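**Student:** Mind having a look at this structure? Questions to follow.
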Amino acid sequence: MTATTDPYAGSTETSEGPVFTVTGQDWDSIDSSTVEGDHLVINMGPQHPSTHGVLRLVLEIDGETVRDARAGIGYLHTGIEKNMEFRTWTQGVTFCTRMDYVAPFSNEAAYVMAVERLLEIEVPEKAQAIRVLLLELNRISSHLVCLATGGMEIGALTVMTCGFRDRELILDLFEMITGLRMNHAYFRPGGVALDLPDGAIEKLRSTVRLLKKRLPEYAALCNANPIFKGRLKGIGHLDLAGCLALGLTGPVLRATGYDWDLRKKQPYWGYETYDFDVVTWDEPDAYGRFRVRLDEMWESIKIVEQATERLAGMVGEPVMVADKKIAWPSQLSVGADGQGNSAEHIKHIMGESMEALIHHFKIVTEGFRVPAGQAYASIESPRGEIGCHLVSDGGTRPYRAHFRDPSFVNLQGTSVMSEGGMISDVIVAIASIDPVMGGVDR
Amino acid sequence: MVDAKGAKDERDEGTKTQDASHEIHAELAKSEVRELEIVDVREGAFGTHGTGDTSGFGGLTQPVIMPSASQQPYGGWYDEVSDKLTTLGTPDAIEKVVVDRGEITFFIRRHALLETVTHLRNDPALRFEFCSSLSGVHFPHEKGRELHVAIHLLSMTHNRRIRLEVAAPDDDPHIPSVVSIYPTADWHERETYDFFGIIFDGHPGLTRIMMPDDWPGHPQRKDYPLGGIPVEYKGGTIAPPDQRRSYS
Numbered sequence: 040m041t042a043t044t045d046p047y048a049g050s051t052e053t054s055e056g057p058v059f060t061v062t063g064q065d066w067d068s069i070d071s072s073t074v075e076g077d078h079l080v081i082n083m084g085p086q087h088p089s090t091h092g093v094l095r096l097v098l099e100i101d102g103e104t105v106r107d108a109r110a111g112i113g114y115l116h117t118g119i120e121k122n123m124e125f126r127t128w129t130q131g132v133t134f135c136t137r138m139d140y141v142a143p144f145s146n147e148a149a150y151v152m153a154v155e156r157l158l159e160i161e162v163p164e165k166a167q168a169i170r171v172l173l174l175e176l177n178r179i180s181s182h183l184v185c186l187a188t189g190g191m192e193i194g195a196l197t198v199m200t201c202g203f204r205d206r207e208l209i210l211d212l213f214e215m216i217t218g219l220r221m222n223h224a225y226f227r228p229g230g231v232a233l234d235l236p237d238g239a240i241e242k243l244r245s246t247v248r249l250l251k252k253r254l255p256e257y258a259a260l261c262n263a264n265p266i267f268k269g270r271l272k273g274i275g276h277l278d279l280a281g282c283l284a285l286g287l288t289g290p291v292l293r294a295t296g297y298d299w300d301l302r303k304k305q306p307y308w309g310y311e312t313y314d315f316d317v318v319t320w321d322e323p324d325a326y327g328r329f330r331v332r333l334d335e336m337w338e339s340i341k342i343v344e345q346a347t348e349r350l351a352g353m354v355g356e357p358v359m360v361a362d363k364k365i366a367w368p369s370q371l372s373v374g375a376d377g378q379g380n381s382a383e384h385i386k387h388i389m390g391e392s393m394e395a396l397i398h399h400f401k402i403v404t405e406g407f408r409v410p411a412g413q414a415y416a417s418i419e420s421p422r423g424e425i426g427c428h429l430v431s432d433g434g435t436r437p438y439r440a441h442f443r444d445p446s447f448v449n450l451q452g453t454s455v456m457s458e459g460g461m462i463s464d465v466i467v468a469i470a471s472i473d474p475v476m477g478g479v480d481r
Numbered sequence: 053m054v055d056a057k058g059a060k061d062e063r064d065e066g067t068k069t070q071d072a073s074h075e076i077h078a079e080l081a082k083s084e085v086r087e088l089e090i091v092d093v094r095e096g097a098f099g100t101h102g103t104g105d106t107s108g109f110g111g112l113t114q115p116v117i118m119p120s121a122s123q124q125p126y127g128g129w130y131d132e133v134s135d136k137l138t139t140l141g142t143p144d145a146i147e148k149v150v151v152d153r154g155e156i157t158f159f160i161r162r163h164a165l166l167e168t169v170t171h172l173r174n175d176p177a178l179r180f181e182f183c184s185s186l187s188g189v190h191f192p193h194e195k196g197r198e199l200h201v202a203i204h205l206l207s208m209t210h211n212r213r214i215r216l217e218v219a220a221p222d223d224d225p226h227i228p229s230v231v232s233i234y235p236t237a238d239w240h241e242r243e244t245y246d247f248f249g250i251i252f253d254g255h256p257g258l259t260r261i262m263m264p265d266d267w268p269g270h271p272q273r274k275d276y277p278l279g280g281i282p283v284e285y286k287g288g289t290i291a292p293p294d295q296r297r298s299y300s
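Line order of the protein sequences matches chains B and P. The working numbering puts the first sequence at residues 40 to 481. The working numbering puts the second sequence at residues 53 to 300.
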């Protein structure tokens with residue numbers, strides 16, 4: 040389409056004077072003598088590489104200064120909450136793991152915690168340790184993505200290549216333990232899908248050793264780097280009062296100096312028994328958030344090491360509740376073809392016990408019933424508080440599932456963080472929130 | 053925390069947002085239930101109605117009963133918050149209080165919502181300074197109060213969580229907005245309006261947020277279909293998920 044045939048191009052008279060609509064390559068069509076000032080309204084996104092997916096920003100700019108910034112979301116809405124109302128409680132994990140795809144375990148964790156609270160069950164100690172292990176590995180991989188994409192957006196491409204290189208190590212661990220690099224559906228109401236595979240402990244130890252060697256590279260590359268500091272310091276400022284009013288949690292809140300971390304304040308799954316510190320920073324800007332994330336990875340490594348050692352001493356312990364009315368009956372195991380059910384279980388239900396077959400069929404097709412009521416469970420995801428509000432009507436499916444996604448809430452800080460600043464700092468401010476649009480739009 | 057063997061873990065005393073001491077009281081309260089919270093009636097076992105179900109379960113009818121109102125004492129800090137709220141607010145602000153699964157829910161009459169959240173945020177003994185979540189639930193069979201809004205508040209000062217629930221009838225879906233007290237509720241209320249059609253009076257700009265601006269209907273209402281098309285595979289046809297036979 041040439042500029043002259045564009046139906047949206049042209050000018051209109053408004054109460055504030057003439058408004059020109061330009062769509063690209065047609066700037067010459069405007070007679071510069073009729074234009075006063077430098078006032079522009081531009082759409083940044085939804086197709087823009089540095090808005091972390093399909094985020095749309097409507098920016099009102101005066102020269103290079105942002106006067107007004109509004110975020111438009113919904114471009115990745117897939118109706119996950121509605122879909123969950125048509126699947127069993129166990130299948131729900133498969134849906135919610137796809138929300139915040141950079142931190143899938145946090146989604147699963149909030150959901151299974153809410154289901155377990157509705158069922159009033161406590162999962163075995165080994166399942167709790169595996170969950171903590173994976174949540175913390177996921178925190179490292181998520182923060183690495185944040186640093187990597189954040190660095191790339193300001194031109195620090197080496198940070199990006201390093202970040203994705205190290206994230207790959209963690210995704211390899213996920214693949215070994217859950218079978219998938221993302222969208223795991225590994226946490227299940229009542230425990231986890233299957234036990235750690237053989238050799239997992241050794242692989243975990245060696246990966247942690249490698250990570251400990253590589254993580255200092257980020258600090259060496261960025262912490263005192265004058266360009267990096269120049270781009271990040273003082274950008275996207277939001278103090279404690281602003282965070283609480285707008286509902287921001289996670290590294291953004293902790294960069295204001297407040298040590299609010301649900302793992303410490305409202306511990307779950309044995310977090311109170313792990314030795315780690317909550318990282319805070321006293322500069323509530325993009326640089327402070329960067330430093331919080333950097334240091335949090337070290338604390339997560341401490342937890343991963345402790346969880347690995349605990350799991351090394353828990354060989355053979357159950358990873359699913361003993362209650363047969365809730366526990367998933369089959370055990371997966373990797374066959375010669377790389378997938379499949381455990382041969383032992385198939386032999387049992389197909390050849391030995393008709394009751395076992397009926398039970399397997401009922402649990403897999405019908406699922407279990409959850410007593411009527413509602414629950415809200417929340418955990419500390421890499422981006423802040425992720426909460427799950429579940430309502431049950433006593434049936435085999437959730438009556439209503441709602442997720443309080445931290446990216447969704449934190450993105451409300453966009454306007455206040457970027458207005459009055461330069462247009463180039465909008466990108467830095469948004470990168471410091473670290474939104475994942477899959478979680479924002481659900 | 054009680055582990056799988058039933059042994060109490062003493063290490064986490066005082067770290068939980070839920071007060072464990074309510075458990076015994078909640079059991080006592082159940083005997084004083086006067087009114088059952090029937091929100092729906094479930095028929096059959098396989099989602100089919102009429103002659104289609106030959107399983108013998110077709111005649112089964114079961115009421116769906118939500119946890120009923122609890123009686124004082126609720127246990128622990130729940131009474132403290134409840135008493136404070138009763139003395140601060142107008143007398144009929146609280147419809148009922150439900151303590152269930154270790155969580156406390158205050159059912160607030162909608163005309164008193166704004167006043168109640170103002171007290172909850174401002175009073176130093178309550179100080180719920182953080183609104184963590186706000187969303188809707190649609191109960192189409194609960195006549196006269198089909199639309200519910202659940203607000204989850206967090207007190208970082210006292211490390212407590214409570215839930216407020218407000219109901220509105222389908223033909224008058226208005227609920228006061230809490231944005232003036234909790235600015236974070238802005239997007240939450242827009243989302244709830246988008247998905248349930250609940251109108252938050254006093255919201256600064258109540259527009260759709262997830263669905264396109266010209267979208268008809270409110271997708272997360274129970275009467276709104278999930279959508280989808282039948283899938284054919286090797287001569288057989290599988291209906292979309294919301295039209296398949298299912299366990300009810």
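Ideal Cβ positions, reconstructed from N, Cα and C, are used throughout, including at glycine. The structure presented is a predicted model; accordingly, all values stated were derived computationally and were not measured.
How about LYS286 of chain P: is its C-beta nearer than 8 angstroms to some C-beta of chain B?
**Tutor:** Not closer than 8 angstroms to any Cβ of chain B, the Cβ of LYS286 of chain P fails to qualify, so no.
**Student:** Looking only at its chain, what residues have a beta carbon closer than 8 angstroms to the beta carbon of LEU174 of chain B, apart from the 5 residues adjacent to it on each side?
**Tutor:** Correct list, in chain order: PHE144, SER145, ALA148 and ILE418.
**Student:** If contact means a Cβ-Cβ distance below 8 angstroms, which residues of the segment 412 to 439 of chain B contact chain P?
**Tutor:** Answer set for the segment 412 to 439 of chain B: GLY412, GLN413, ALA414, TYR415, SER417, GLU424, GLY426, HIS428, VAL430, ASP432, GLY433, GLY434, THR435, ARG436, TYR438 and ARG439.
**Student:** With 16 other CB atoms within 10 Å as the buried threshold, where does THR138 of chain P fall?
**Tutor:** By the 10 Å Cβ count, THR138 of chain P comes out exposed.
**Student:** Is there a Cβ from chain P that is less than 8 angstroms from the Cβ of ALA284 of chain B?
**Tutor:** Taking Cβ atoms only, chain P reaches closer than 8 angstroms to ALA284 of chain B, which makes this a yes.
**Student:** From P:PHE247, P:ASP294, P:ARG162 and P:ARG153, pick the residue whose C-alpha is nearest to that of MET152 of chain B; which is it?
**Tutor:** That would be P:ARG153, whose Cα lies nearest to the Cα of MET152 of chain B.
**Student:** Can you tell which of B:GLY406, B:GLY189, B:LEU243 and B:GLY434 has the C-alpha that lies nearest to the C-alpha of MET215 of chain B?
**Tutor:** Cα-wise, what sits closest to MET215 of chain B is B:LEU243.
**Student:** Between which two residues does the alpha helix (DSSP H) harbouring GLN167 of chain B extend?
**Tutor:** From DSSP, the alpha helix (DSSP H) with GLN167 of chain B extends over 164 to 192.
**Student:** Whole-angstrom Cβ separation of VAL231 of chain P and HIS255 of chain P, contact assumed at under 8 angstroms?
**Tutor:** Contact flag correct, Cβ pair sits at about 6 angstroms.
**Student:** If HIS200 of chain P and VAL189 of chain P are in contact, beta carbons under 8 angstroms, what's the gap, nearest whole angstrom?
**Tutor:** Indeed, because the Cβ distance is near 4 angstroms, the residues count as touching under 8 angstroms.
**Student:** Mind the definition here: the segment 124 to 132 of chain B touches the segment 398 to 408 of chain B only if three or more C-beta pairs lie below 8 angstroms; say whether that holds.
**Tutor:** Yes, they touch.
**Student:** Counting only beta-carbon separations shorter than 8 angstroms, does GLY289 of chain B have a partner in chain P?
**Tutor:** With 8 angstroms as the cut-off, GLY289 of chain B does not count as an interface residue toward chain P.
**Student:** Could you pull out every residue in the same chain whose Cβ sits closer than 6 angstroms to the Cβ of GLU391 of chain B, ignoring the five residues on either side in sequence?
**Tutor:** None.
**Student:** Can you name the residues of chain B whose CB is closer than 7 angstroms to the CB of GLU181 of chain P?
**Tutor:** By Cβ distance, chain B contributes LEU283.
**Student:** Kindly list the residues whose CB is nearer than 6 angstroms to the CB of LEU285 of chain B, restricted to its own chain and excluding five residues on each side of it in sequence; keep chain order.
**Tutor:** So the qualifying residues of the chain are GLN451 and GLY452.
**Student:** Can you give me the C-alpha to C-alpha distance between PRO163 of chain B and GLU348 of chain B, rounded to a whole angstrom?
**Tutor:** Distance between the alpha carbons of PRO163 of chain B and GLU348 of chain B is about 17 angstroms.
**Student:** If contact is defined by three or more beta carbon pairs under 8 angstroms, each pair taking one atom from either stretch, is the segment 181 to 195 of chain B in contact with the segment 101 to 119 of chain B?
**Tutor:** Taking 8 angstroms as the limit for Cβ pairs, the verdict is that the segment 181 to 195 of chain B does not touch the segment 101 to 119 of chain B.
**Student:** In angstroms, rounded to a whole number, what distance separates the CA positions of ALA121 of chain P and ASP234 of chain B?
**Tutor:** Cα to Cα, the separation comes out at about 42 angstroms.
**Student:** Whose C-beta lies closer than 8 angstroms to the C-beta of LEU279 of chain B among residues of the same chain, with five residues either side of it excluded?
**Tutor:** Counting only Cβ-Cβ distances below 8 angstroms, and skipping sequence neighbours, we find LEU292, THR295, GLY296, TYR297 and PRO323.
**Student:** Taking 7 angstroms as the limit between beta carbons, can you name the residues of its chain near MET221 of chain B, skipping five residues before and five after?
**Tutor:** Closer than 7 angstroms at Cβ, skipping near neighbours: TYR140 and PRO143.
**Student:** HIS204 of chain P touches chain C at which residues, Cβ-Cβ below 9 angstroms?
**Tutor:** In the displayed structure, chain C is absent; the protein chains listed are B and P.
**Student:** Taking only runs that begin and end inside the segment 84 to 136 of chain B, name each unbroken beta strand (DSSP E) of 3 or more residues, in chain order.
**Tutor:** The qualifying runs are 95 to 101 and 104 to 111.
**Student:** Given that LEU157 of chain B touches chain P, what residues does it touch there, using C-beta distances under 8 angstroms?
**Tutor:** The answer, in chain order, is ARG153.
**Student:** If we call anything under 8 angstroms between Cβ atoms a contact, is ALA468 of chain B one with SER457 of chain B?
**Tutor:** Closer than 8 angstroms, so yes.
**Student:** Starting from the beta carbon of GLY113 of chain B, find every residue of chain P whose beta carbon is closer than 8 angstroms, and list them in chain order.
**Tutor:** Simply ARG260, ILE261, MET262, MET263 and PRO264.
**Student:** What first and last residue would you give for the alpha helix (DSSP H) that runs through ILE342 of chain B?
**Tutor:** 325 to 351 is the span of the alpha helix (DSSP H), which, as asked, contains ILE342 of chain B.
**Student:** Output the boundary residues of the alpha helix (DSSP H) element that contains MET215 of chain B.
**Tutor:** Element bounds for MET215 of chain B: 196 to 217.
**Student:** The alpha helix (DSSP H) spanning LEU158 of chain B covers which residue range?
**Tutor:** It spans 143 to 158 - the alpha helix (DSSP H) in which LEU158 of chain B sits, taken as one unbroken run.
**Student:** I need the DSSP call for PHE252 of chain P, collapsed to helix, strand or coil.
**Tutor:** Strand at PHE252 of chain P.
**Student:** Once DSSP output is grouped into helix, strand and coil, what is the label at LYS148 of chain P?
**Tutor:** In the structure shown, LYS148 of chain P sits in a strand (DSSP, three-state: E or B).
**Student:** Distance check for GLU167 of chain P and ILE160 of chain P, CA to CA, integer angstroms please.
**Tutor:** Distance between the alpha carbons of ILE160 of chain P and GLU167 of chain P: 10 angstroms.
**Student:** So, for PHE315 of chain B: in the same chain, excluding its five sequence neighbours on each side, which residues have a beta-carbon less than 7 angstroms away from its beta-carbon?
**Tutor:** Around PHE315 of chain B: GLU338, LYS341 and ILE342.
**Student:** For CYS185 of chain B, which residues of its own chain have a beta-carbon under 7 angstroms away from its beta-carbon, when the five flanking residues on both sides are left out?
**Tutor:** Hits under 7 angstroms: ARG332 and ASP473.
**Student:** Indicate whether SER181 of chain B and PRO421 of chain B have their beta-carbon atoms separated by less than 8 angstroms.
**Tutor:** Yes. Within cutoff.
**Student:** In chain order, what residues of the same chain have a beta carbon less than 6 angstroms from the beta carbon of TYR313 of chain B, not counting five sequence neighbours either side?
**Tutor:** So the list reads ILE342 and GLN345, once near-sequence residues are dropped.
**Student:** On the DSSP letters alone, give me the boundaries of the alpha helix (DSSP H) that MET118 of chain P sits inside.
**Tutor:** Counting along the chain, MET118 of chain P falls outside any alpha helix (DSSP H), though it belongs to the beta strand (DSSP E) covering 113 to 118.
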